[in-house]
């Protein structure tokens with residue numbers, strides 16, 4: 001008896017079947033057999049299977065169904081009937097097994113006596129240049145674990161619905177009569193749901209076991225790539241109904257709700273994306289099929305899906321196509337505002353319909369998305385193509401642009417232009433005027449006549465697809481839009497075009513809708529041999545003439561790159577901008593290299609606003625400006641507006657460093673607030689900086705000497721940071737940190753009233769009043785040479801299981817790191833890393849868990865429990881850059897290194913709170929002596945109030 005029977009199913013896949021079979025024969029576990037089941041192919045697939053079996057009859061057997069079953073379920077059922085191994089695995093003919101898959105899965109099954117073992121599936125996108133890969137729900141497979149019930153890990157049941165990355169005990173399949181639905185798409189979902197619920201033990205391993213080959217451009221599409229077929233959706237809904245009935249039969253209410261959430265977030269979304277490209281009869285049938293099923297979903301599931309996903313599901317249930325199709329546009333483009341919105345009683349809703357329905361109001365409320373706070377140049381607006389006509393190579397286009405909440409006023413000065421740009425990067429962009437632009441209330445109407453045949457001149461070889469954008473100018477502020485359309489809206493077909501290089505490959509152009517529903521044009525040829533000609537031209541492109549052409553193109557690109565280079569920007573900064581006069585009452589604020597609106601720069605800015613000072617604030621940002629204050633100028637870090645603002649500002653205020661190569665003018669005052677007291681060695685105390693030459697150290701010192709004022713919160717900062725940066729005493733401001741004012745004031749209020757006020761943040765995060773809040777805020781971690789994903793040093797699911805009824809854990813990664821939490825801990829463990837400012841979370845937290853982070857010095861001001869999880873202490877202290885003091889001696893809370901100790905400390909949190917009360921007071925006295933709760937006012941009064949009062 002072999003250890004494993006691998007059932008390989010195939011249909012019309014003669015070419016790829018041998019590779020799949022070979023991946024089984026190559027397994028490091030040699031006790032395997034291959035059972036090939038052909039689903040009555042119409043090509044040579046079964047002949048190939050028979051040849052493989054004939055070559056190795058002891059290892060391979062081949063069977064064929066008498067008629068095609070229409071799906072993958074019945075071939076697998078036949079395979080189960082012929083399997084002889086102790087364990088069974090499934091493999092599709094276009095995929096392969098990982099080399100050690102059988103060995104790793106059988107070893108785990110034998111060791112744990114599990115009914116089934118599941119490993120990591122990796123999707124390989126075979127049509128991409130580098131075979132892009134993504135791991136299938138990898139958070140489930142971070143470690144080896146054995147479950148006594150799938151209910152212990154709802155994510156496994158809900159998200160990993162594959163049958164192919166698993167190994168099943170054959171007796172388990174037989175005893176429970178586990179079979180796939182016959183002739184149904186999505187047969188995996190039903191089979192695996194029944195298997196999960198029947199299994200007495202399930203083992204998960206972190207090893208890769210299965211390579212799923214994705215062929216997006218295949219002539220015959222897979223089930224997952226045929227969602228435009230109504231049968232596909234009918235089968236999906238039927239499978240979901242059967243699974244729902246199964247869960248209800250087992251009384252698994254929580255698992256049922258988790259599955260409903262997944263349906264809203266995943267299954268339904270897959271089909272909604274295709275609706276803009278389907279005709280009205282398809283849409284009506286789709287809505288009719290969906291309505292009954294959506295009405296049976298748990299209403300609480302809507303709150304756990306993303307807002308736009310819930311809106312789409314609700315509007316689909318209501319059959320409201322006028323509001324649904326724009327919502328699907330936003331579903332495809334998350335930043336797009338595709339509806340005029342509606343405001344009532346201070347709340348903003350997706351539309352004005354359905355607000356008499358209490359549940360509808362809840363789902364359609366988009367106030368927290370902040371659309372109402374964005375200026376026109378920060379909005380990505382829906383631009384619906386309303387007319388397309390072509391005559392003699394001239395195209396007439398018309399459309400309407402959404403005007404949310406009247407952000408574009410009736411009296412605004414409007415202008416627009418159309419831009420045609422090659423999708424592959426090219427030096428060519430063609431711009432055409434828009435003749436008509438007018439305000440029409442909830443929309444802005446536009447029309448344009450574009451002579452594409454005469455004026456659009458593509459190269460004809462590398463620029464076959466052209467995207468269309470419309471730039472709308474509103475009172476001098478520009479917003480860029482894409483033209484939303486669907487294939488049914490485009491009529492007229494292809495028309496002549498004149499490429500610059502050759503008409504052999506392309507001599508016509510036609511409109512089409514992109515995969516996400518935007519208007520584009522593509523080149524094509526009417527010549528019968530155009531494909532052969534293109535092949536010959538491509539050879540030429542790779543030959544000497546092509547090399548010369550590419551050389552010229554590369555030089556042009558290099559010139560463009562030079563004009564945008566750092567060196568060019570530096571010259572502009574020093575030779576142009578720095579010669580402009582300083583703008584009085586201007587302050588450039590920056591926090592953590594522009595990544596956040598937070599920390600002491602924020603506290604100073606808000607104190608200036610509170611005092612009503614007359615000044616111009618400019619905030620720098622990196623990435624997107626989301627979360628930054630409204631009504632101030634925002635400049636992207638290292639952009640030309642940023643450099644100009646710095647060159648002309650009267651004050652710089654930041655907590656880390658402005659770009660090092662920028663000289664500060666003598667007329668500019670630089671207030672460096674810094675971002676935390678030091679445990680780890682800083683500046684010239686670091687071994688790496690000490691090892692530099694005198695010349696290199698002098699260059700570094702030049703940047704530090706830009707500081708006119710440097711804030712300290714304790715004499716410890718003077719002995720460490722100031723010394724490490726070689727700062728003179730006259731530069732130091734012994735004011736405390738403005739960011740810490742809120743913490744000191746919170747402690748004083750708590751001491752005065754005897755109560756701890758949570759404020760609105762707890763409700764915003766959905767934290768119940770009867771649960772305490774823990775904040776986990778570790779220091780910066782690197783992976784190799786750069787910042788990356790941060791692996792938590794403890795099992796968050798185990799934490800949620802033991803402590804979820806008492807605590808909510810807030811995870812705050814360093815701003816240069818990111819974490820990924822499994823959905824199963826939702827509501828019990830919350831990632832708050834994306835929020836700009838950590839201070840409100842400190843104020844909310846009843847206890848802090850950290851390691852070596854400087855948050856320890858800040859949080860101590862609250863006089864609340866602190867835990868120090870230093871799992872890599874030896875490496876951090878002795879092999880890193882070193883520390884200024886021994887944390888083991890001075891920590892104002894227990895220091896531990898293992899997950900078991902972490903759990904034990906949490907069980908005894910109240911006791912250690914009392915135990916370390918005196919230590920915390922001594923810690924604050926040594927490391928927070930200047931933090932008195934008035935730092936922001938002190939700084940503003942000293943530098944701004946007397947001169948800038950209104």
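Residue numbers (the working numbering): 1 to 950.
Just so you know, even glycine gets a beta-carbon here, dropped at the ideal spot from N, CA and C.
Since the structure is predicted, the reported quantities are computational estimates derived from the model, not experimental observations.
- Pairing residue 386 with residue 83, the inter-Cα distance amounts to about 59 Å.
- By the CB criterion at 7 Å, residue 88 and residue 5 fall inside the cutoff.
- A straight line joining the alpha-carbon of residue 584 with that of residue 649 spans about 7 Å.
- For secondary structure counted as the beta strand (DSSP E) over 3 or more consecutive residues, the stretch 730-811 holds these complete runs in sequence order: 732-734, 772-776, 807-811.
- Per DSSP, reduced to three states, the secondary structure at residue 341 is coil, with no helix or strand assignment.
- Look at the beta carbons and you see the stretch 159-173 touching the stretch 186-199: at least three pairs across the two are nearer than 8 Å.
- Between residue 844 and residue 909, the C-beta gap is not smaller than 7 Å, which leaves the two residues out of contact.
- When beta bridges are read from the DSSP output, residue 168 appears opposite 88, 116.
- Three or more Cβ pairs closer than 8 Å define a contact, and the stretch 847-854 falls short of that threshold against the stretch 661-674.
- For residue 938, no beta strand (DSSP E) encloses it; the enclosing alpha helix (DSSP H) starts and ends at 935-940.
- When secondary structure is reduced to three states using DSSP, residue 521 falls in the strand class.
- Contact check between the stretch 935-950 and the stretch 728-735: three or more CB pairs, one atom from each, fall below 8 Å, which counts as touching.
- Per DSSP, reduced to three states, the secondary structure at residue 922 is helical.
- Look at the stretch 324-408 and you find these whole runs of beta strand (DSSP E), each 3 residues long or longer: 342-344, 347-349, 383-391, 394-402.
- Of the other Cβ atoms in all chains shown, 16 or more fall within 10 Å of the Cβ of residue 85; this residue is therefore buried.
- The beta carbons of residue 103 and residue 8 sit about 18 Å from each other, so the pair does not count as a contact at 8 Å.
- In this structure, the beta-carbon distance from residue 927 to residue 675 does not fall below 7 Å.
- Here residue 336 has 329, 330, 380, 381, 382 as same chain residues with Cβ atoms under 8 Å from its own Cβ, once five neighbours each way along the sequence are excluded.
- Between residue 640 and residue 621, the gap from beta carbon to beta carbon reaches 7 Å or more.
- Taking the CA atoms as reference points, residue 139 sits about 8 Å from residue 821.
- Closest in alpha carbon position to residue 233, among 205, 282, 245, is 282.
- Annotated as proximal: residue 75 and residue 39, with beta-carbon spacing under 7 Å.
- Residue 351 counts as buried, since at least 16 other C-beta atoms from the protein chains shown sit within 10 angstroms of its C-beta.
- Within the same chain, 184, 185, 186 come within 7 Å of residue 235 by CB-CB distance, once the 5 residues on both sides are set aside.
- The three-state secondary structure of residue 24, taken from DSSP, is helix.
- Relative to residue 508, the option among 454, 829, 130 whose CA is nearest is 454.
- Distance from the CA of residue 659 to the CA of residue 665, rounded to the nearest whole angstrom, comes to 14 Å.
- Residues of the same chain with a CB within less than 7 Å of the CB of residue 287, apart from the 5 flanking positions on each side, are 316, 319 in chain order.
- With a cutoff of 7 Å on beta-carbon distance, residue 465 and residue 423 are scored as near each other.
- At a Cβ-Cβ threshold of 7 Å, residue 403 and residue 356 do not count as neighbours.
- DSSP, reduced to helix, strand and coil, places residue 497 outside both helices and strands of the structure shown, so it counts as coil.
- Here the C-alpha atom of residue 346 lies approximately 14 Å from the C-alpha atom of residue 364.
- In the three-state reduction of the DSSP assignment, residue 105 falls in the helix class.
- In the DSSP assignment, residue 419 forms a beta bridge with 431, 469.
- A contact is defined here as three or more CB-CB pairs under 8 Å, and the stretch 48-66 meets this definition with respect to the stretch 17-35.
- In the displayed model, residue 835 falls within coil according to three-state DSSP, outside both helix and strand.
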